[in-house]
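Student: Handing you this structure, nothing more for now.
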Amino acid sequence: MAATVFAAFDPKPLRLGTVINFTATSAIQRGHVVGFAATGVAWEVAPVTGGTVATGIKPIGVALYSAAAGQKVAVACLGSVVKVLAATDATIDAGDHVIAGATAGMVLVAPGTDSIELGIALGDLVANIPNYILITGPTYVPTGA
Amino acid sequence: MADIDPATVFVYDPAPTYLAETTDFIAGSAILAGQVVAFAGTGVAWSVNPCNGVTTAGVVGVALHGAAAGAHVAVAGPGSVILVQNSDDTATMEAGDIVVAAATAALGCVVAEADTTAHYQVGILLEAMAASGQAYALLTPHHYINEGGA
Chain Y
1 MAATVFAAFD
11 PKPLRLGTVI
21 NFTATSAIQR
31 GHVVGFAATG
41 VAWEVAPVTG
51 GTVATGIKPI
61 GVALYSAAAG
71 QKVAVACLGS
81 VVKVLAATDA
91 TIDAGDHVIA
101 GATAGMVLVA
111 PGTDSIELGI
121 ALGDLVANIP
131 NYILITGPTY
141 VPTGA
Chain R
1001 MADIDPATVF
1011 VYDPAPTYLA
1021 ETTDFIAGSA
1031 ILAGQVVAFA
1041 GTGVAWSVNP
1051 CNGVTTAGVV
1061 GVALHGAAAG
1071 AHVAVAGPGS
1081 VILVQNSDDT
1091 ATMEAGDIVV
1101 AAATAALGCV
1111 VAEADTTAHY
1121 QVGILLEAMA
1131 ASGQAYALLT
1141 PHHYINEGGA
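Residue numbers (our numbering), protein chains in the order written: chain Y, 1 to 145; chain R, 1001 to 1150.
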């Protein structure tokens, strides 16, 4: 499926759980799923791409507003109910567990391989229309292999 | 590479910068401030102990103060941002590492998820962790990593 093009949107939190003040290592748009790079730097996040263990990426939450590189950014983390954007034109069903997607700052359905889950979809996510997830992670989910 | 001595290192204030779910438990054995605590393998109602990732089971969080066996202890739970302790005197960790209850003699400590054995998740590091050191983590416990399908 073709990747959706990300455009900043208001994640419209229905509930804010833990909110952490990070520094953006690259430009972040509000609504982006952000996280640590494979080689993490203290308190620094960027839009993340790929949530399988192989990528080494560690998503941690959703940016509440946009920030240029070097600026502070508030990130909605564990326990928050916020909108995210699906990374492909494939539908994500309510109840699906999601990871960081193949396109920076978006989400995909958790795969059958080791992954770092970010949360669970509370509604269907269709192309180009953000919808809500409950952030339950990051949680390391092995396949048992 | 060796386990740290909990009696030596657990003299710090876990200094939460954010407290989310915080629950009052009873110490099943002596607990030091900053130790990761968990139910015993055979759980006892509302009773937690310093975790070792082996004989303890579900991790509930980090003790906010010391408590003798039988005393009440306040435990910072999911969503809290708080210091946790490295279990090892040579291994380091970095921001973004998923940390789990260390299966070592060093009770109440964490180790980086190694993708090899089953563990109880503690959280994600928000900064680098020096050998024998502490670092802030976002606590995401209550999650069993069933690596190996055991």
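Positions of the beta carbon are idealized from the N, C-alpha and C atoms, including for glycine. As the structure is a prediction and not an experimental result, all values here were calculated from the model.
What three-state label does DSSP hand V107/Y in the structure shown?
Tutor: strand
Student: Can you find the residues in the same chain that come closer than 8 Å, C-beta to C-beta, to T1023/R, ignoring five residues on each side of it along the sequence?
Tutor: The answer, listed in chain order, is V1060, G1061, A1074, V1075, G1077.
Student: Please check if any C-beta of chain R sits within less than 8 Å of the C-beta of P142/Y.
Tutor: yes
Student: Could you spell out the range, first to last residue, of the beta strand (DSSP E) harbouring E44/Y?
Tutor: Its beta strand (DSSP E) spans residues 44-47.
Student: What number of angstroms, rounded off, separates the C-alpha of A87/Y from the C-alpha of A121/Y?
Tutor: 13 Å
Student: Taking C-alpha atoms, which residue in G112/Y, P47/Y, L16/Y, R15/Y lies nearest to T23/Y?
Tutor: P47/Y
Student: For K83/Y, is the classification buried or exposed, using 16 other Cβ atoms within 10 angstroms of its Cβ as the cut-off for buried?
Tutor: Only buried fits K83/Y, as 16 or more other CB atoms lie within 10 angstroms of its CB.
Student: Should A42/Y be flagged as near chain R, meaning a C-beta pair shorter than 8 Å?
Tutor: yes
Student: For A1002/R and L1032/R, I'd like the C-alpha separation in whole angstroms.
Tutor: 20 Å
Student: Taking only the alpha-carbon atoms, compute the straight-line gap between I1082/R and G61/Y and give it to the nearest angstrom.
Tutor: 17 Å
Student: Name the chain B residues that come within less than 7 Å of T1140/R, Cβ to Cβ?
Tutor: The structure shown contains no chain B; its protein chains are Y and R.
Student: For a cutoff of 8 Å on Cβ pairs, would you count I28/Y as touching chain R?
Tutor: no
Student: In chain Y, which residues lie less than 7 Å from H1143/R when you measure between Cβ atoms?
Tutor: T139
Student: Evaluate A1150/R with the Cβ neighbour count: other Cβ atoms within 10 Å of its Cβ, from every protein chain shown; 16 or more gives buried, anything less gives exposed.
Tutor: Caution applies to A1150/R, whose pLDDT of 45 falls short of 50 and renders its modelled position unreliable; the model cannot decide the point.
Student: One question on the structure: do G70/Y and I135/Y come within less than 8 Å of each other, judged by their Cβ atoms?
Tutor: no
Student: Rounded to whole angstroms, what is the Cα-Cα separation between C1109/R and N128/Y?
Tutor: 43 Å
Student: Drop a sphere of 10 angstroms on the beta-carbon of Y140/Y, count the other beta-carbons inside from all chains shown, and report buried for 16 or more, exposed for fewer.
Tutor: Answer is buried; the Cβ neighbour count reaches 16.
Student: Just to confirm the assignment, what range does the beta strand (DSSP E) spanning H97/Y have?
Tutor: Unbroken beta strand (DSSP E) run through H97/Y: 97-100.
Student: List, in chain order, every chain R residue whose beta-carbon is nearer than 7 Å to that of F36/Y.
Tutor: A1095, G1096
Student: Between which two residues does the beta strand (DSSP E) harbouring G1123/R extend?
Tutor: 1119-1125
Student: In its own chain, which residues sit with a C-beta less than 6 Å from the C-beta of I154/Y, not counting the 5 before and 5 after it?
Tutor: With chain Y covering 1 to 145 only, the question about residue 154/Y has no answer from this structure.
Student: Can you give the beta carbon distance from P59/Y to I116/Y, rounded, assuming they're within the 8 Å contact cut?
Tutor: 6 Å
Student: For T49/Y, which residues in chain R fall below 7 Å Cβ to Cβ?
Tutor: Residues of chain R passing the Cβ test: none, with the nearest at roughly 14 Å.
Student: Please report whether the beta-carbon of G1079/R lies at a distance below 8 Å from any beta-carbon of chain Y.
Tutor: yes
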